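Notes follow the structure.
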Amino acid sequence: MVVAGQFLAGASDILVSGAGVQATITGMIRPLTPRETNDLRIQIDELLARRAVVTKDFRALEQFRSFQKAKTLPKDQSSEDEMIQELKRKYAKATWTADDERRLAELRRKLATAIRRPATPAISELVIAQVSIAPTAPPGRRELRLATATGVSNPLPFHVGRLPEYSEAASKQIAEQRSAVAGTATVRSPERKPPAEVALPTVINGQILPGEVDSFRFKARKGQRLVAAVQARDLIPYIADAVPGWFQATLALYDSQGKELAYADDFRFHPDPVLYCEIPADGQYVLEIKDAIYRGREDFVYRITLGETAWVTDIFPLGGPAGKPTTVELAGWNLPVRQWTVNPSDLLPGIHTLWLDRKDFPAPIPVSFAVDSLPECLEKEPNNQPGQAQQVPVSQIINGRINSADDCDVFCFEGKAGQTIVVEVCARRLFSPLDSLVKLTDAQGRLLGSNDDAEDPGAGWLTHYADS
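Okay, so the sequence shown: first residue is 76 according to the working numbering, each after it adds one.
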């Protein structure tokens, strides 16, 4: 595993929340300071000089920085350059071994691959780690942090799942990151890599560099209900120097003839795409992922859950009373159950992320659920017209849904002169696709107030405040 960041010098440990996951730091790559670069050159100079004296071959020095003024030694050695004479005196009793040769090669390699002017300082330092996950580790989302000399870092998500996983080779990733961070790989070759072979079901881990398209070939059977769900913005919500400020992934599914069968660049209002397709025939298929406008960087990372796996698209109701179990209806693809009982006994009022989990789920599925302390009721149809308005008391939470494009839910309540009434819709903040509009009228139908979008600074992930 590679962890990229800034100010990671002295990283001593990797902390992963939950049980069953252990990580050990095995190396680090970071930009060299000017002083460190100069020290490397001095060490190489000294080794080259010692080797030249021992082997009596000073020609190699002519091509190196510190000895460009040294003359080639004449055959009769009747006149020697003053610098070479000094080197002979300094290393008169020196030796040269195979270990010295290896050290010289290593220092030269380190200097040649050193990152001197990182293109993106925020991810210029790389910590290399080995991660071990116990078979008994509970699946789900964890938090990963680095312990450094200056404190503990901010968290990034780390996911543990049940499915087999495919990842791009770590050595290849590190090599690409070295050159990309150093600014030497900003332009990718126009030639695409051949598709990697994977077997369903699987989770694919990768990253997108500039201009890159990753593709994966797999076998599928006719009638399989294939789901490809991407986690990209979900892993790194905001990326500096990127417009939009996240990896905008797109997915495309092709058959063996190259015909596009399905495409997705989002899931409703969420930037991470989810693709669903019923396989038309037995055969080979290719899934492609790229950035919408072919951007890329080493922190454009993704996970794709690919297979005939469960995916929840909706739940109803979106919330329930604190301290009481609530049975919710599930809608989605490849679901083994259609109902779930939520027991928020230990949850305070507010919006929470709950994890629906079964052994036949690829991993726990997150759903947003509102817990409240007010009385609750369900919307009752028909209530599309004022004459059909559903009577509700004040200080009540109504759980409803807009079932069709022409659906409109109307409710009536008794108010008193001077009474302040607050009507708040919570839908988009619970990941419903609804873009609500609320109108308040009196008994004669006169409009008293309306609202379309209400800004909520607390909903930091949302770019459209659609709740009224």
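Don't be surprised by glycine CBs; every beta carbon is placed ideally from N, CA and C.
The structure displayed is predicted, hence computed values, not measured ones.
Check: Between K185 and D114, what straight-line distance do the alpha-carbon atoms span, to the nearest angstrom?
Finding: The count along the sequence shown starts at 1 and reaches residue 185 at position 110. The count along the sequence shown starts at 1 and reaches residue 114 at position 39. Answer to the nearest angstrom: the Cα atoms are 12 Å apart.
Check: Would you report the Cα separation of A303 and A98, rounded to the nearest angstrom?
Finding: Mapped onto the sequence shown, residue 303 falls at position 228. Mapped onto the sequence shown, residue 98 falls at position 23. Using only the alpha carbons, I get a separation of about 29 Å.
Check: Comparing alpha-carbon positions, which option in D341, L453, T428, L515 lies nearest R504?
Finding: Locating residue 504 in the sequence shown gives position 429, where the first residue counts as 1. Closest option to R504, Cα to Cα, is T428.
Next item on the list: Let me know if K365 comes out buried or exposed under the rule of 16 or more other beta-carbons within 10 Å of its beta-carbon.
Entry: As a working note, residue 365 is residue 290 in the sequence shown. K365 should be labelled buried.
Next item on the list: Could I get the ranges of all uninterrupted beta strand (DSSP E) runs contained in the stretch 261–344, with 3 residues as the minimum, in chain order?
Entry: 277–282, 288–295, 300–306, 324–329, 335–339
Notebook entry, point to check: Secondary structure at R183, three-state DSSP: helix, strand or coil?
Noted result: For the purposes of this step, residue 183 is taken as residue 108 along the sequence shown, with counting starting at 1. Note: R183 maps to helix in three-state DSSP.
Check: Three-state secondary structure (DSSP) at M158?
Finding: In the sequence shown, counting from the first residue as 1, residue 158 sits at position 83. Note: M158 maps to helix in three-state DSSP.
Item checked: Opposing strand residues paired with H234 [DSSP bridges] -> The residue you call residue 234 lines up with position 159 of the sequence shown. In the DSSP output, where bridge partners are listed per residue, H234 has R216.
Notebook entry, point to check: Candidates D517, Y540, P450, N474: which alpha carbon is nearest A492's?
Noted result: Looking up residue 492 in the sequence shown gives position 417. Of the listed residues, the one whose Cα sits closest to A492 is D517.
Margin query: On the DSSP letters alone, give me the boundaries of the beta strand (DSSP E) that V202 sits inside.
Written below: In the sequence shown, counting from the first residue as 1, residue 202 sits at position 127. Segment 200–208, the beta strand (DSSP E) holding V202.
Next item on the list: Quick one: grab the DSSP three-state call for R110.
Entry: Locating residue 110 in the sequence shown gives position 35, counting from the first residue. Helix.
Next item on the list: Assign T259 to one of three DSSP states: helix, strand, or coil.
Entry: The residue labelled residue 259 in the question sits at position 184 within the sequence shown. Because the pLDDT of T259 is 45, which lies under 50, any placement of that residue in the model is unreliable, and the question is left without a value.
Check: Is V485 helix, strand or coil by DSSP?
Finding: Translated into positions along the sequence shown, residue 485 becomes position 410. Three-state result, V485: coil.
Item checked: Coil, strand or helix - D510 by DSSP -> Translated into positions along the sequence shown, residue 510 becomes position 435. In the structure shown, D510 sits in coil (DSSP, three-state: anything other than H, G, I, E or B).
Next item on the list: Would you check if there are 3 or more beta carbon pairs closer than 8 Å linking the stretch 378–386 to the stretch 202–222?
Entry: no
Item checked: Rounded separation between G215 and A480 - CA only -> The residue labelled residue 215 in the question sits at position 140 within the sequence shown. The residue labelled residue 480 in the question sits at position 405 within the sequence shown. Distance between the alpha carbons of G215 and A480: 36 Å.
Item checked: Assigned secondary structure, I547 (DSSP; H/G/I helix, E/B strand, else coil) -> The structure shown does not extend to residue 547, since the chain is modelled only from 76 to 543, so the question has no answer here.
Notebook entry, point to check: Just the Cα atoms here: how many angstroms apart are M76 and S242?
Noted result: Counting from one through the sequence shown, the residue named residue 76 turns up at place 1. Counting from one through the sequence shown, the residue named residue 242 turns up at place 167. If you take the alpha carbons of M76 and S242, they lie about 10 Å apart.
Check: Under 8 Å, do L122 and D175 count as touching if we go by C-beta distance?
Finding: In the sequence shown, the residue the question calls residue 122 occupies position 47. In the sequence shown, the residue the question calls residue 175 occupies position 100. Contact: yes.
Item checked: Neighbour-count burial assignment, H234, 16 or more Cβ in a 10 Å radius -> Position 159 of the sequence shown holds residue 234. When all chains shown are included, H234 counts as buried.
Next item on the list: Closer than 8 Å by C-beta to G80: which residues in its own chain qualify, once you throw out the five before and the five after it? Chain order, please.
Entry: The residue given as residue 80 occupies position 5 in the sequence shown. Here the set comprises A197, I198, E200, V202, L221, S228.
Next item on the list: Could you please give the first and the last residue of the uninterrupted beta strand (DSSP E) stretch that includes R378?
Entry: Here residue 378 refers to the residue found at position 303 when the sequence shown is read from its first residue. Residues 376–382.
Check: Are there 16 or more other CB atoms within 10 angstroms of the CB of G394, so buried, or fewer, so exposed?
Finding: Walking along the sequence shown from the start, residue 394 turns up at place 319. Answer is buried; the Cβ neighbour count reaches 16.
Notebook entry, point to check: Nearest-angstrom Cα distance between L182 and A307?
Noted result: Mapped onto the sequence shown, residue 182 falls at position 107. Mapped onto the sequence shown, residue 307 falls at position 232. If I take the Cα positions, the gap works out to 38 Å.
Item checked: Three-state class that DSSP yields for A127 in the structure shown -> Within the sequence shown, numbered from 1, the residue matching residue 127 stands at position 52. Three-state result, A127: helix.
Checklist line | Span separating the alpha-carbon of D132 from that of A187 | finding: Against the sequence shown, residue 132 aligns to sequence position 57. Against the sequence shown, residue 187 aligns to sequence position 112. Answer to the nearest angstrom: the Cα atoms are 24 Å apart.
Notebook entry, point to check: Whose C-alpha, out of S92, I283, L512, T172, is nearest the C-alpha of E499?
Noted result: By 1-based counting over the sequence shown, the position of residue 499 is 424. Nearest of S92, I283, L512, T172 to E499, Cα basis: L512.
Margin query: Measuring straight from C-alpha to C-alpha, what distance separates A94 and E218?
Written below: Locating residue 94 in the sequence shown gives position 19, where the first residue counts as 1. Locating residue 218 in the sequence shown gives position 143, where the first residue counts as 1. So the alpha carbons of these two residues sit roughly 11 Å apart.
Next item on the list: Count the other CB atoms, across all protein chains shown, that sit within 10 Å of the CB of D435; report buried if there are 16 or more and exposed otherwise.
Entry: Against the sequence shown, residue 435 aligns to sequence position 360. Looking at its Cβ environment, which holds fewer than 16 other Cβ atoms inside 10 Å, D435 is exposed.
Notebook entry, point to check: With 16 as the cutoff for other CB atoms within 10 Å, does R413 come out buried or exposed?
Noted result: The sequence position of residue 413 within the sequence shown is 338, counting from 1. Flag for R413 reads exposed.
Notebook entry, point to check: Is it a yes or a no for the stretch 308–319 touching the stretch 399–410, going by three-plus beta-carbon pairs under 8 Å?
Noted result: no
Notebook entry, point to check: According to DSSP, is A197 helix, strand or coil?
Noted result: If you number the sequence shown from 1, residue 197 lands on position 122. Helix, per DSSP.
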